[in-house]
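First to last, the sequence lines map onto chains H and Z. Note that the working numbering has the first sequence beginning at 9, numbered continuously upward. Note that the working numbering has the second sequence beginning at 9, numbered continuously upward. Don't be surprised by glycine CBs; every beta carbon is placed ideally from N, CA and C.
Protein chains: 2
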Amino acid sequence: MFSKACEYGIRATIYISLQSMQDKRQSLKDIAQHIDSPVAFTAKILQQLVKHNIINSVQGATGGFEIEKQKIKEIKLQQIVKAIDGSSIYMGCGLGLSECSEKNPCPVHYKFKAVREKLRMMLEETSLYELVERLESGLTFLKI
Amino acid sequence: MFSKACEYGIRATIYISLQSMQDKRQSLKDIAQHIDSPVAFTAKILQQLVKHNIINSVQGATGGFEIEKQKIKEIKLQQIVKAIDGSSIYMGCGLGLSECSEKNPCPVHYKFKAVREKLRMMLEETSLYELVERLESGLTFLKI
DNA sequence: TATATATAGGATAAATTTGTCCGATTTATA
DNA sequence: TATAAATCGGACAAATTTATCCTATATATA
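And the structure:
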């Protein structure tokens with residue numbers, strides 16, 4: 009559904025949020041280790057997220073990645089997905105036809121419409137806070 | 009959402025069905041031209057679909073691809089997707105965690121569950137016939 | 001039976017995604 | 001101020017997906 013980069017990006021952002029709730033800044037190494045992702049590749053993805061103003065980075069010794077508590081409540085899954093994979097997953101045509109539209113629908117257009125709409129709504133409505141909350145209370149798990 | 013191969017596969021199967029409704033067998037060239045896909049790559053995909061018993065191929069002069077009318081009513085989108093992309097799109101974890109399950113859910117598990125379920129149901133319920141019907145009547149379009 | 005027109009399938013190439021490496025820069029602290 | 005630990009960013013490499021090419025095989029028909 010999402011690219012590997014996007015999966016890592018979401019996992020990383022959730023983990024950074026979890027730590028930021030306790031005012032703990034995390035280094036790239038820590039993050040990659042906890043979300044089980046390749047370190048250098050994760051670095052690239054975190055850079056993208058910093059550029060898109062989703063997480064903050066602090067350089068130098070004791071530096072790392074963090075996210076403001078206020079932002080944890082504001083940032084939605086959709087913003088992470090859009091920053092890494094773009095919005096074609098919930099905007100584009102299911103058959104990859106560039107000319108497909110409401111006025112000129114492809115054969116699966118209306119079939120996919122409801123699914124894409126549900127996905128879009130879910131991504132737009134789900135905040136980091138919501139995800140972190142249930143992770144903190146042990147209802148969900150980020151890594152085995 | 010789907011791979012390019014899967015997009016071409018669905019488009020090709022719909023086009024073959026459309027022609028088979030009028031007992032017209034189509035050559036690879038015809039198909040690729042009408043669905044706007046690379047010829048040789050499309051050949052590989054059609055071979056996969058033949059192997060998965062979704063379409064039939066006839067070799068030799070006047071040969072080509074076709075699909076039995078009865079099958080047009082039976083084959084569901086899900087079978088095409090499964091043959092080419094596998095079922096991870098509506099079965100796997102949204103974050104790519106292999107250990108994610110109902111008992112051990114990832115942070116987005118329940119959020120994705122409804123979306124994946126809707127996608128799965130749609131793919132399992134949508135028959136080729138349904139798609140071809142609306143294409144025949146000009147309500148939808150396969151290519152601009 | 002020769003020919004032209006198909007699919008089948010293996011080898012290869014191009015493009016994209018995923019992943020690594022390393023030097024430059026930043027910054028806390030001994 | 002020297003050092004160590006961190007991010008930044010560019011170049012490169014591996015893996016996967018997408019796409020091409022060519023030969024073998026099948027088959028309708030002149």
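Assigned secondary structure, residue i (DSSP; H/G/I helix, E/B strand, else coil)
i: Lys84(Z); result: strand
i: Val58(H); result: helix
i: Ser96(H); result: helix
i: Ser45(Z); result: coil
i: Thr148(Z); result: coil
i: Ser28(Z); result: helix
i: Ala69(Z); result: coil
i: Cys114(Z); result: coil
i: Cys14(H); result: helix
Contacts of residue i in chain Z (Cβ-Cβ under 8 Å)
i: Phe49(H); result: None at all; the shortest Cβ gap to chain Z is about 13 Å.
7 Å Cβ cut-off: residues of chain H touching residue i
i: Ile22(Z); result: Pro115
i: Ile97(Z); result: Met9
i: Leu150(Z); result: Cys114, Pro115
i: Leu139(Z); result: Pro115, Val116
Candidates the options: closest to residue i by CA position
i: Arg33(H); options: Gly68(H), Gly104(H), Leu136(H), Glu82(H); result: Gly68(H)
i: Glu141(Z); options: Gln56(Z), Ser28(Z), Gln55(Z), Val58(Z); result: Ser28(Z)
i: Glu145(H); options: Pro113(Z), Arg124(Z), Gly100(Z); result: It is worth fixing the name first, because residue 145(H) is Ser in this sequence and not Glu. Taking only the C-alpha atoms, the option nearest Ser145(H) is Pro113(Z).
i: Tyr98(H); options: Glu132(H), Glu107(H), Glu82(H), Ile75(H); result: Glu132(H)
i: Cys101(H); options: Asp31(Z), Thr148(Z), Asn61(Z); result: Thr148(Z)
i: Met130(Z); options: Glu107(Z), Leu103(Z), Gln87(Z); result: Gln87(Z)
i: Leu57(Z); options: Glu138(Z), Glu15(Z), Lys151(Z), Leu143(Z); result: Glu15(Z)
i: Ser135(H); options: Ser96(H), Leu150(H), Ile22(H), Ser11(H); result: Ile22(H)
i: Val89(H); options: Val123(H), Ile53(H), Ala122(H), Pro115(H); result: Ile53(H)
i: Lys84(Z); options: Lys12(Z), Leu127(Z), Lys151(Z), Ala40(Z); result: Leu127(Z)
i: Ser25(Z); options: Glu82(Z), Gly104(Z), Lys59(Z), Pro115(Z); result: Glu82(Z)
i: Thr70(Z); options: Lys119(Z), Gly104(Z), Asp38(Z); result: Asp38(Z)
i: Ile92(H); options: Asp31(H), Val116(H), Gln55(H), Ser35(H); result: Gln55(H)
i: Arg150(H); options: Met9(Z), Ser65(Z), Ser109(Z), Asn64(Z); result: The sequence given here has Leu at residue 150(H), not Arg. Measuring from the Cα of Leu150(H), the nearest candidate turns out to be Ser109(Z).
i: His42(Z); options: Val116(H), His60(H), Ala122(H), Leu105(H); result: Leu105(H)
Unbroken alpha helix (DSSP H) run spanning residue i, endpoints
i: Glu138(H); result: 136–144
i: Ser106(H); result: Element bounds for Ser106(H): n/a, residue is neither H nor E.
i: Val123(H); result: 117–133
Limits of the unbroken beta strand (DSSP E) element including residue i
i: Phe73(H); result: 72–74
i: Ser35(Z); result: Element bounds for Ser35(Z): n/a, residue is neither H nor E.
i: Ser65(H); result: 64–66
Partners in chain Z for residue i, counting only beta-carbon separations shorter than 7 Å
i: Asp130(H); result: At residue 130(H) the sequence reads Met, which differs from the Asp that was named. Here the neighbours are Lys119, Val123.
i: Leu143(H); result: Pro115
Within chain H, the residues that residue i reaches when beta carbons sit closer than 9 Å
i: Gly102(Z); result: Met9, Phe10, Glu15, Ile18
Where residue i meets chain Z, residues with beta-carbon distance less than 9 Å
i: Lys126(H); result: Ala122, Val123, Lys126, Leu127
Report the residues of the region 62–91 of chain H with a CB closer than 8 Å to any CB of chain Z, ordered along the chain.
-> Leu85
Using a Cβ cut-off of 7 Å, which residues of the region 25–44 of chain H contact any Cβ in chain Z, in chain order?
none
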